[in-house]
Every structure is written in C-alpha cells, then in structure tokens.
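Only one structure is covered here, and it is reproduced in the block below.
Residue numbers (my numbering): 345 to 507.
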C-alpha cells in the first residue's frame, strides 16, 4: 500500500514547511505559558572537560513561551538515597519553538545551552527556577519532512542554590 501522493512532506516546498513551523509555534503560544530564559553570562570560567561552571552569573532574562510535555507529575528519578543522603530530583520536560528562541535571543545564543536557567513564574504561586540539563535537537527526527525539527525539547531540573 503506497503512501498518499497528496501528503508527501519530504518533497514539500518552502511554503508547506513554513506552514508546519507556523502551526507548531502557534500551538505552543496557545497551549503553553510564559517563562524567562536566563543565559549564563560567565563563559570564561566554564570547565569544558568536566562540564562544571563554578562561577555562574545570570544578569539578563529573555521572555519565551514554553509547553510542558507532561502536565501530570514531575519526571526523572524523584527521590533517591545516595551517599550524601536523600536527594530529590524533580525533572520536567518542555518544548520550546526554535523560531521563538531565535527571535528573542541575542545572536550569540544559537540554541538553549545546558547550565542556563529557565524561570517559570506561575508554578508554586511564586515561580520556580529550573536548570537546563539536556537540550534535544532531534526529538522528531524527519517527522515533518525535515532532518531537524521545529522545536527544542529541554530536560529541566530544579535549580539548586549554593553559597
């Protein structure tokens, strides 16, 4: 049974691909919520070997709209016992439009980076701060006729304050 010749996304022209991107961005704007992206401004002290950044500074915030993938509960390991005692790892996964990110960020930020923060104002009544742990750029690989999807999938974990 061959596929339909009327819905062939892989040979689609620019206008059809732009329509897909418009629909994804609009659905995130309709069903999602506002948040603030805080990039780490101190890139000089970042240790590329171990992935640590002992001197994080966050001085700017940019508004972005996001959509949570799971609205029922936190994901991740939740509560676990380690050699340091009880650790609570509440993780959430969100979707962020590539076009919205590119429009609102300065030119040196080409994608959401691990270690940057996301402030979600309405959670808990006062808002919560999350750290980006992983940025997936290939969630729906070749789904709508493009190798790279129209959105980023971010895995976030609650930010742990120190010092």
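Think of the CB as a built atom: it goes at the ideal place given N, C-alpha and C, for glycine as much as any other residue.
- By the neighbour-count criterion, in which 16 or more other beta carbons inside 10 Å mark a residue as buried, residue 494 falls on the buried side.
- Distance from the Cα of residue 361 is smallest, within the candidate group 443, 454 and 449, for 443.
- Between residue 461 and residue 498, the CB-CB gap reaches or exceeds 7 Å.
- Membership of residue 442 in the alpha helix (DSSP H) is indicated by the continuous run 442-448.
- Contact annotation: residue 465 and residue 471 have beta-carbon atoms nearer than 7 Å.
- A distance below 7 Å separates the beta carbons of residue 474 and residue 502.
- DSSP places residue 477 within a strand segment (E or B) once states are collapsed to three.
- In this structure, the alpha-carbon of residue 404 lies about 6 Å from that of residue 382.
- Distance from the Cα of residue 400 is smallest, within the candidate group 412, 384, 413 and 445, for 384.
- Counting only residues of its own chain and dropping the five nearest sequence neighbours on each side, residue 453 has a CB closer than 7 Å to the CB of 383.
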